[in-house]
Every structure is written in structure tokens, then in C-alpha cells.
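One structure is given here, and the rest of the page talks about it.
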Amino acid sequence: MQLHEYQAKEILNSSKVPIPDGKVAKSGIEAKEIASSFGGNCVVKAQVHAGGRGKAGGIKLANNPDEASEHADNMIGSFLKTFQSGDTEFPINEVYIEEASSILKEYYLAVTMDFDFKCPVIIFSTEGGMNIEEVAEKYPDKIIKIHVDPLVGPSPYKIRNLISVFKFDKEISSQLYKIINQLYGIFISNDCTLIEINPLALVEGNNLVALDAKITIDDDALFRHKDLLKLFDEAQINKSELNAQKNDLAYIKLSGGEVGCMVNGAGLAMATMDITMKAGALPANFLDVGGSASEERIMEAYNIITSDADVKLILVNLFGGILRCDVAAKGIIEGFKKYNKSVPMVVVLRGTNSEEAKNILKESSMEIYFSDDLPSAAEEINKRLGK
Amino acid sequence: MQLHEYQAKEILNSSKVPIPDGKVAKSGIEAKEIASSFGGNCVVKAQVHAGGRGKAGGIKLANNPDEASEHADNMIGSFLKTFQSGDTEFPINEVYIEEASSILKEYYLAVTMDFDFKCPVIIFSTEGGMNIEEVAEKYPDKIIKIHVDPLVGPSPYKIRNLISVFKFDKEISSQLYKIINQLYGIFISNDCTLIEINPLALVEGNNLVALDAKITIDDDALFRHKDLLKLFDEAQINKSELNAQKNDLAYIKLSGGEVGCMVNGAGLAMATMDITMKAGALPANFLDVGGSASEERIMEAYNIITSDADVKLILVNLFGGILRCDVAAKGIIEGFKKYNKSVPMVVVLRGTNSEEAKNILKESSMEIYFSDDLPSAAEEINKRLGK
Amino acid sequence: MKSILNKDSNKVLVQGLGRDGSFQTQKCIDYGTEVVAGVHPTKAGENFNEIPIFGSVEEAVKHTSPDIGLIFVPAPFASDAIIEQVDAGIETVVCITEGIPVNDMLKVNNYIKGKKVRLIGPNCPGFLIPRKKLKVGIIPGSIVSEGKVGVVSRSGTLTYEAIVQLTMLGIGQSACVGIGGDPLHGTSFVDVLQMFEEDQNTEAIVMIGEIGGTREQAAAKMIKESISKPVVASIVGQTAPEGRRMGHAGAVITGKSALASEKIKSLKSAGVYIADSPTEIGLRLKELI
Amino acid sequence: MKSILNKDSNKVLVQGLGRDGSFQTQKCIDYGTEVVAGVHPTKAGENFNEIPIFGSVEEAVKHTSPDIGLIFVPAPFASDAIIEQVDAGIETVVCITEGIPVNDMLKVNNYIKGKKVRLIGPNCPGFLIPRKKLKVGIIPGSIVSEGKVGVVSRSGTLTYEAIVQLTMLGIGQSACVGIGGDPLHGTSFVDVLQMFEEDQNTEAIVMIGEIGGTREQAAAKMIKESISKPVVASIVGQTAPEGRRMGHAGAVITGKSALASEKIKSLKSAGVYIADSPTEIGLRLKELI
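Protein chains in written order, with this note's numbering: chain W, 28 to 414; chain S, 28 to 414; chain R, 12 to 300; chain A, 12 to 300.
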């Protein structure tokens, strides 16, 4: 689950990571008020779940409260699409009004998990405010990674070495030391998968402050963070994807596709998409119904796929394991009945209770083409949609 | 560092471990007020750093605010000596006024470190409110120990097993589960060496509450707990021991002794006491000046020993390692000069810079008998004090 | 420690006998697996098809001495179940559960470090050895057949796809091992490849990878250095969208290795035969034997 | 891993060159120890008697390849220094520092579990091998003499006492090892006894214990089972007051084992020769050889 910048900053602030003064506004009038309280000079930032806002016009400088109000009015109610947001347009419902900072230097600081090392990792770079992936490729020596033993925490000696490599003075060293420890604490106690401060800015007065903040929470751990769940902004998610998420379905809409896919297992789902492509058609979505999908979940999956106007054909590819094919078949029938939408289906059912499932589907009035395996399913797709 | 019951309970309360309502009083009048706010029935508890208060008269029931006031007046200003407090009499400067509880059953719950297992351990017993050491010996099956992996924390399955062994009902199980986790959290985050709740009482309404609470903090970790340091009650410690503590000296006054001991290293200090005893004299104290004692520290050690009126002779037994004997010798001379107190000394100096040290001491006007080793020092002691 | 492919005793304990757990346990029993005990906190003393259910793993171990533990416990409690089985001395722990928090698996991974235990999973289909009639997990028994090909996969259902293709072509399996899709997992490709290399019942290997992470690269390195048996691999996700993401830290950590093309390159250079389409895994292997 | 008593290379790195660290390092050098590097965060680039000082252990290791790390770092930073040395691959780490918080050592102990490192201490005098002119720590070089008795002790200064007694009686030492007085420590009695048993330069052993804990009992058990060489032991603290205490949990954990009498009983039943007074350690040993 992603947080908005302002939500992430609230968390940082409550853990004493320094941030500039700022407040959320839902209208130009509110923005003006907040800007006035800062004395005028401020930044107006669109609160959307996408990086790269600056280049896309989602971050504007204002020299006075009226300008802040104007920017806010322009942004709120509009949509933002950035180079990082894929095809999605994010609605701007709130803006964050932040005191302008006099930046002397920009750094990059993040905490995430390094799965190869099986431990959290702190990433620091002297090249902040820019694309860190590019830095990683071009100037690997400007990035330092600190692997963290989860019991020991960030080893002081490793931070000391970082500080000595980049020759920070004593004052900044001590600030950086604290910020790293605070961020790590936030990362662990909130089950984060990512905290990214880019830039961590050195501002006038020789102080480090978090100018931007991105926090992502481990969805699987949300059950123990009821407070964080409240921060979830439904508006930032495509309706179908939101519906899928509420039903524990992993769904991603793909633009330009026409074959709706319903598969169990992420691997098989990706394979199914690969095969659809090889058969000469484009998949309309990625959809993994998960390991132990219930009738209801399958019903909703059916609804989500059939609600997509692009979908001309559905490929159902279920391999019963912990999922029982008969349960899935019943779910499809229920979805068909409840939502009264029908699209031709190519169905491959194998594994646990697949024979029962076929019998259940055969009894329905839906237009279904059964295939015994993926190659023949691919042929079927090619026959109906292939170019 | 030990905490008072009321301090421990404040910590429990802030971590949501249930405790009865209670407040500290420094006078009978305050006690009366507090008791009135509870409706009358309450317990008046002497706040001293010793267990076994009940049997020693440090815990009194009051049926009304006047009784509470009376008990408080009697206690405050007096001294308490319990079967656990050795020879020390503890001054009662404060009492804790606590709402009386209707106890249905008493349990025992503690968190401490199991050094054999190199991990924290949770100890639970169904036999609370009594001497747990006796329970451990007589009914070992009424005690369950849960060893805790420091990264994983208290394993839910172990607590579940504990609950199933003692057949707790669902309501109490869930309370106990929470309390165990909260106590463990307190233990780790405050660098405790011990948290002991005895009794953890089941009171009317089927609720578990901590009726008593003992917390000890790791002295070596106090540097990172400035908030806890403020809770230190100097009054509970013998003046000499307090002075020693402030100077990083490990000192314990022993009643009936006449040979003051100044030694470096706890092991050698104990050996020196053993030898003094075998020589026919009684040691007046245990004093370990520590590994890297400075001149000042030795000076204070000299002061502490010579301030003890029981001391007829001092046995200085220093083995230079990280301690430098010459530094120690200077400290003794300085102490002699500054505090102007002199007691005959038997001195054994060996190891790092011991020859220099002997020369320094020889030049002073103090009454010193040098010995080359412990057997001859023992003989010297025997000659002067032996019976 | 003997490889799981060649242990003499294979008594299975199942923890978590809810709806799915019960259903799948029955399938294991039907396949021929010796399930000796169930563990469920509120069903202690009951039976599951004549198999005794205990309140704790410790109790179950005391009475039935299982060799393998199988976990169907819900995600919030699953990491504790793994630790409970490890503490009780079970040497092979298979965790089917998906959706375990990353932090929980971080703790588990640290906890088992240096301990004598083989953890398979979580979020995996478990393993199946046709020759031994041993099915520990949810790989459908109906699709496997006895033979000489070892199958190892990160993906659950895609493993079945590969198995079906092999079986349809008359190629049996020595063992099928699903190592699971979670980024923090126990047994890795490298571990299973080593087992297959040492296993005299295995003559060829099928390995199914995915986009993301760097596990396929680690496998490639290991194959180059120490696998003498032929390996066919397929990497799925070539057409998957990159997906939106907020930050860049992940990409800094794995670099380009997460891409299917990079993984295929590594494997090819290690002498692995690549099935370009997931439908061709079986055919590609058939060419080799 | 070779025992510290028999390693071929014994280059020492010293971390923490404050007042005490510098003084003691000089004593080690004077004794004949090959000190190759110092580490101090603010003295990088400087020298200590021609020995280069580095800003980090990693740097020092890169340039001087030490075998042993010696730590004099102040208590609040000492556990981090231990971890830094372990991470840098130093195989033998000797930590002299006293007063390290229990929680810090809890983490260190967990961290080094399963890693290829021998930690001695903390709160210990280190070790000294006269035959090799190797002194790693603060045992005074002036009191030791070369010979065939291995000395192991929990107490710092009391170790010196025992050594002096031996030397005065003309009995030299094969090695003197102080394992430290902290309840959470690295190397234990058992480890050192094992080294002495395997060391062909050691013919008899002196072991000095204290009241508290159960380490002497563990040693007794081990001596009974696997030590063939004669052992003389002394347990100090027989006349020490029990000390006031607030709670009882500690006593529940260790029971009566903490008492000197219990420890002596265990050791006697393991065939260990007991020196009743700490002044008789040397004499008692002399009777045996």
C-alpha cells in the first residue's frame, strides 16, 4: 500500500525526522491560508500515488499566497500522468503546501529490503533529486548500501564509514546518523517495504530535511496496522483494480488488450499472457485469483473481467492445487447469473476436481470452448482473434 | 538500578499493562486525599528498595481514608528492614496508596535473562504471591519458562502451550497473552535485567492486574536511558555505597568486619576476602576499584574505606593489568592528603608499574606494611588482628 | 543431513487443518503419503480420518515422530508455525501458506540460519516424489508420473503445467519441488539443483523461473560450476508489464537482473536449454533425452 | 578452525587507542607481540609507534591482514566494534572492555552464532602464550613464564594471582586465557578446556571459577567426559555476602548452582583437584606434577 507524501511526512515527523513545515489543502482557499501562515514563499504539490510529479507539472513554486491558491485551484480536480505512472491518470484531490527551502545540496536516502541478502538495506547517495537508477549505473561509487542485521540494527560503524567516505562534517554527520536510525525504526515498526527520501536536502542553516518522502507498506502486514489502513486512498486506484484488491485478487489492467485472463498463480498467469501474445492476440489484463479462491472471489473476478469493454474473449486457465476447480466453476456460473454479462470463453481446467468443474460449466448456457492444454487453447484464441 | 513499585507501575501503565488505581503520597494528608478519591478501601505500601515488605509491616490495609492517613504517617519517616534486605534499613520517604482489589487467584510472572541459554526468559507460575524459589524447588511443574529468541520475540505458540497446560479460559488467555507481550516489550526497550509481577492477580470481574511490580535496570545501559536515570532514589542506598557508585566503584559494606579491602577485580576482591577470613579476621567490605581506575577513583575508594569506623586495618591488594599500580599509589597518597585520615595498611602490589607504586608509597608518612604475596599479607593481617 | 529426495522415513505432520488444510491433507493421504499427525490449537484430542490431532507440534512429535512438517496455517500465524516446527526438531518444513508478511519471514530466515532444518516455501506447492508415493503439499497427484526428470519451480500452478507437459509426452518425474514465489524463502533453486545433481534417480532437470529478483542468475552460476545433468529452463513474464512503482530503491538493489531477458542470457551462457514458450517445456526436454 | 593456541600467524589489530588502549598496546608490543594495525575513528592516517592507524577495521584488514583483533573501545561502542571485526573477517576477537550493556552482548552473541569467529570476553584480560611471545590483552608479561600448565579463569586479576603462584614455584604456563566475568560472553570454560586437552604443550590445567551462574558446572561435566589432563580448580566467593536483591527470578533460573559449595561439589565429582584457598592454587598444582 502506498502512502501520499503528506501521510509519509506525518510519519517521519512523529519519529522526529526533520521535514519542512507543510499542510494539506483541499481547495485554493485553504491553500492560500496555509501559504499565508508560512509567509508566502511555498511549494504546491499534487498528492498522487506516482513519482516524477515535478516534470509532469505536479509541483509548482508559489511566491505568494495568491499564487499558491491559483496553483492549488488548477491542480485540484485535475488528473496527473507522469513518466512513472504507466497509463494511469491519477486524480488530484489534495495538494500539499510546503514552506519553500533554500537548498544547498540534495542527497538520496532509502530503506528497503535486499532479498538476496535476506535483510533490510539502507541506500545513500550524494546524488539526490535525480533518477537514482541512473546514478547506480553511471556512478556506482556515489551510492553506498548498508546492509542491516535485523537484530542488531544499523551498525554504527557502517554509518561512520559512510560518513567518512563522503567526508561529512561533524554537524551533518550527527544529523545523518540520527535520520538513518529514525528511518530504519519507521521501516521496521510499520512493516514498510520502502521508505525513500529523495531529496534529503541540506538547506540553509546546515540542516538536513526530508523534502520528499515515499512510503510503501507491506500489504500482507496491514492486518496488524489498523492505523495505517486508514491512510489508504481509494481514489488513487483504478476502479477495477480497487474492486479486485478488495476481493484479494491480483489484477492489472493492460491497455490495448482484448483477451481477458483468469488464472490461478502469478507464474501461470504470466505464462498465460506470454502464450496469448504468441497466439497473436493481446492480453487485456493480468489476473491471479490466488491460491485458495472462494466461489465469491471467482464471481468477482468474472465481474471485473467482463466489465472491461476491451475484452472480446476470456481465457480461463485454472490449475487446481489448493484451488478446487469445481469451486471456481461455480463462481463463474454465479458471476454470470449475478452480473448478467457474457463473453465467449476459452477454458482450460486441470488438477484438483477439474472434471467436476467441466461438468458444471457444460450445464450452463455460456459460450465456452474447452481446451485440454495450453497449446490448443492458444490455437482456439488464434482462431477467434488472431491477426 | 532498582525502581520503586510506583515507578515500575507507571512504566507498566504507560505500556498498557493493567494495574490498580494508585498514587504516591509523601504525607498522611496526601494519603487521606488519595484514599478518599478511591472511596476508602485501599492499601498503603512503603516505597523501599526491598522485597518482602508485607511480612515486615510495609504493607497495610486501610478501610477508610483516616486509616490510610494513619498508616502513611506511621510509615513515612521510619525505616524498614525485611528478610530480603540483609542488614540494611531502608528509609520510607513515600508510600503508595492503591485501591484495594478483590483477589480471586494469584499468579507469578517475570521476565529476566537466562545466561545459560543466552536469551531472555519469561517465567510464569500459577503459585503467585508466595516465594517463587520455594515453588521452583517443590513444585517445578507449576512453573513454566518461555525462552525468547531476541529477534523473534515471545513465540505465540509457546504462550499458547502455557495457556493450554494451565487450562485458562479464553478471556484470561487473551489478557495473559497481551500482558506477556507488553512486559517483554518493556523489558527490552528499557534495558531491564528483571521485571517481576508477584502477584499478577486475577481480580473480580475476571481481570488480570499487576498487584506488585519490581523492575531492575541494567546499570551499564543507563547511559542511553536518561529518563530512567531520573527515577534513581539515592535515599535507598547506604551513603558509602552511594558515594562508591558515583565513583564507579563496586562497594558493599559488610557488618562486623574490621579489615577494609581495596582490590581491583571482583574475583580477586572475593579471593582477598576469603583469605582475610582464613587469616582469622573479618573483611569490612567488598571493594572492586575496577579495571581502569583513575587517581581520583582510588582517592575516593580510600575515603570510603577510611570513613568506615569499623575498619582497623586496610588490605590493599592491587594487581596491575589495565590498572596501573603507580596511578593507584598516587590516588592513595592524594586520598590521605585530602581526607586526612589514616589507618594502618597491608599492601600487596603486583603487575603493571608495581615497583614505581611501591616507591611512591614508601615516600609517604603512612603506616604501611608491604607484602610480596597474599600468604604473607595474610600472615601480616593475622599478626595485627588475628584472634 | 540427507537430501529430502532420499530419506528413508517420510512421516508427515500437518499443521493447520482448516478447510483447505483438511482437503489437501486428504489428497496427500489418498496419494499414498504417510500422514501421522495433525496439529490444530482447538481440535486437540480429535481425529482426522483416524489420524490423531494434537494441540501443539511438541506433543505431536513426542507421540508420532514425524520427519516432515506441512503447514497450512493462515498467514498471520504461519511464521510462528514454522518456528514451532523447527523448535520441535522437524527436519523438513514445508510451508504452503501465502501472504506471510515480509518482516515475519525475515525473522524466520534469521532464526533458522545455522539450524539443521530444510524449509521449503512459503507460498509454494510443496514437493512430490512419485517413486515414493510421497506428496507433501498441493501438487495434484493426478498429473505426475514416475520417471527421471527433476522439476523445480518458483511458481505454483506453472509447475503443474510443466509436469503435465512432461507426463503427456511420456516423461516421468523423479521429483517435483516448488520453492515458492516469495522473495524471502527457505530452499532456493541452488539447493534443489544440488539435490538433483546428487540424486541417482534424476537424469535431467526442468527449472521454471520468473521475472523479478536474481535467483535465476544464482542458479545459472551454480549450474555452470557444478551441474552435470542437462537442464531445461523457462522464464515467464516476458510480456508482463513492468508495473507502476513509487520509488527506485528496489531497482537499485537488483539492477537489470530482474528482467526476463537478463535471466535467459545468464542461463544460456551456463549451457541451459531455454524453452521460449512455457508451452514448449516438455518438448524441449524430450529433445534432450 | 585451528585453536588459538596453535595458529601459525598471530598478527594483532588493536581497536580503541585511547589512554588505556595505547598503554596496553605498548605493553603487548614490548612483550613481543606482532601488532600490525591500530583502528581509531579520529586518528586515521596517524601512527602509533610506527604502527599505522586506520579509520575502520575493513581498511586495516585490507592493508595488514591481521589474525587477531583486540578491543579497548569504550563500553557504549564496544559491541559495535566486535561486530565490525567479525564483519571484517577477523577470526579471533578479544574484547577487554568492561561494562557493556547486557542487551548489546545479547545481540552480539546472536550475531556471531554460526559464524567462523572465536570471541574472547568481553570484560576479560585476554590471553597470553609465553612460548610464542604472544600477549593479546592485559595479562602482565612480567609474571608469566614458559611451561606446561594451561590457566583459564573468569576473573581478571585473580588470574594474575594464580599465574604468579605458579611462576614463583617454578611452574611455567603453556597459555593463560581469561574468559571474562560477564554473564554473556563468547568463549567459555568448556571451549578453553577443550583447547588445552588438544594442545600438546599443555600437561595440566588450572581453572579459576567464581560464585554465580552455572559455568563451572558445565565445565565439570565436560571435564568428567573428555578431559584426560589433571585439573586444579579454585572457586572464589565462599565468604562473599549473598547480596541484596529485589526479585527471585534469577534464583529460579540458576537454582542453587550459583553457590560456591555447589560448584566445588560438581568439580570434585568430576575428579578435579580443589584448592581450598586461592593462595594454594600453585601448591596444589605442584603436588600433581
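Glycine included, every Cβ here is placed at the ideal spot set by N, Cα and C.
1. Please return the same chain residues whose Cβ sits closer than 8 angstroms to the Cβ of A:P77, not counting the five positions on each side in sequence.
2. Per DSSP, W:K134 is paired with what?
3. Quick check on S:N40: does DSSP put it in helix, strand or coil?
4. Please report the straight-line C-alpha distance between W:F65 and S:K257, rounded to a whole angstrom.
5. CB-CB under 7 angstroms to R:K118, same chain, minus the five flanking residues each way: which ones, in chain order?
6. Might you give, ordered along the chain, the residues of its own chain that have their beta carbon closer than 8 angstroms to the beta carbon of S:S182, omitting 5 neighbours on each side?
7. Go ahead and pull the three-state DSSP assignment for W:E164.
8. So, is the C-beta of R:G224 closer than 9 angstroms to a C-beta in chain W?
9. Report yes if the CB atom of R:G293 is closer than 9 angstroms to the CB atom of R:Q176, and no otherwise.
10. Determine the contact status of A:E172 and S:L295, defining contact as a CB-CB distance below 9 angstroms.
11. So, at 8 angstroms on beta carbons, what are the nonlocal neighbours of R:Y122 in its own chain, with the 5 sequence-adjacent residues on each side left out?
12. Using only the alpha-carbon positions, how far apart do S:Y278 and S:G347 sit?
13. Output the boundary residues of the beta strand (DSSP E) element that contains R:G80.
14. Would you call A:G29 buried or exposed, if buried means 16 or more other Cβ atoms sit within 10 Å of its Cβ?
15. Can the beta-carbon of A:V201 be found closer than 9 angstroms to that of A:S164?
16. Terminal residues of the continuous beta strand (DSSP E) containing W:F144?
17. Under a CB-based cut-off of 9 angstroms, is S:N188 close to chain R?
18. For the beta strand (DSSP E) holding R:T168, just list the boundary residues, first then last.
19. Examine chain A for any beta-carbon lying closer than 9 angstroms to the beta-carbon of W:E382, and answer yes or no.
20. For chain R, check one thing: does any of its Cβ atoms lie closer than 9 angstroms to the Cβ of W:D400?
21. If you count every other CB in all the chains shown that lies within 10 Å of the CB of W:S152, and 16 or more means buried, which is it?
22. Where does the unbroken alpha helix (DSSP H) through S:P183 begin, and where does it stop?
23. Of all the CB atoms in chain W, is at least one closer than 9 angstroms to the CB of R:E109?
24. Out of curiosity, what's the CA-to-CA distance linking W:I130 and W:Y166?
25. Kindly indicate the opening and closing residues of the beta strand (DSSP E) around R:E221.
26. Residue range of the alpha helix (DSSP H) that S:D93 falls in?
27. Quick check on DSSP: helix, strand or coil for R:K22?
28. Give me the chain A residues within the contact set of W:S334, using Cβ-Cβ distance strictly less than 7 angstroms, ordered along the chain.
29. Using a C-beta to C-beta distance shorter than 9 angstroms, which residues of chain S count as neighbours of A:G56?
30. Which same chain residues, not among the five before or five after W:A306, have their C-beta less than 6 angstroms away from its C-beta?
31. If we cut at 9 angstroms on Cβ distances, does A:T168 have a partner in chain S?
32. Counting only beta-carbon atoms, is W:S191 nearer than 9 angstroms to chain A?
33. Could you tell me the distance, in whole angstroms, from the CA atom of A:T225 to the CA atom of A:L299?
34. Starting from A:H74, trace the alpha helix (DSSP H) both ways and give me its first and last residue.
35. Using the C-alpha atoms, what's the distance from W:H76 back to W:I150?
36. Is R:A286 helix, strand or coil by DSSP?
Straight from the coordinates:
1. K22, V23, L24, V47, A48, A71, I101
2. Per the sequence shown, the amino acid found at residue 134 of chain W is Tyr instead of Lys. BP columns for W:Y134 point to W:L227.
3. The answer is helix: DSSP assigns S:N40 an H, G or I state.
4. 39 angstroms
5. S90
6. I173, V175, D176
7. helix
8. yes
9. yes
10. yes
11. I94, V97, listed in sequence order.
12. 19 angstroms
13. 79-82
14. exposed
15. No. Outside cutoff.
16. That residue, W:F144, is in no beta strand (DSSP E); it is neither H nor E in DSSP.
17. yes
18. R:T168 -> not in any beta strand (DSSP E); alpha helix (DSSP H) instead, spanning 168-179.
19. No, its Cβ sits nowhere closer than 9 angstroms to a Cβ of chain A.
20. Yes, W:D400 lies at the interface with chain R (some Cβ there is under 9 angstroms from its Cβ).
21. Around the beta carbon of W:S152, 16 or more other beta carbons sit within 10 angstroms, so the residue counts as buried.
22. 183-192
23. Contact of R:E109 with chain W is assigned, a C-beta pair being separated by under 9 angstroms.
24. 22 angstroms
25. It spans 215-221 - the beta strand (DSSP E) in which R:E221 sits, taken as one unbroken run.
26. Element bounds for S:D93: 92-102.
27. coil
28. None at all; the shortest Cβ gap to chain A is about 52 angstroms.
29. Those do not exist, as A:G56 stays about 27 angstroms from chain S at its closest Cβ, beyond 9 angstroms.
30. A405, I408, N409
31. Interface criterion met: the Cβ of A:T168 is under 9 angstroms from a Cβ in chain S.
32. Interface with chain A (9 angstroms Cβ-Cβ cutoff): W:S191 is included.
33. 27 angstroms
34. Going by DSSP, A:H74 is part of the alpha helix (DSSP H) stretching over 68-75.
35. Their Cα atoms are separated by approximately 22 angstroms.
36. coil
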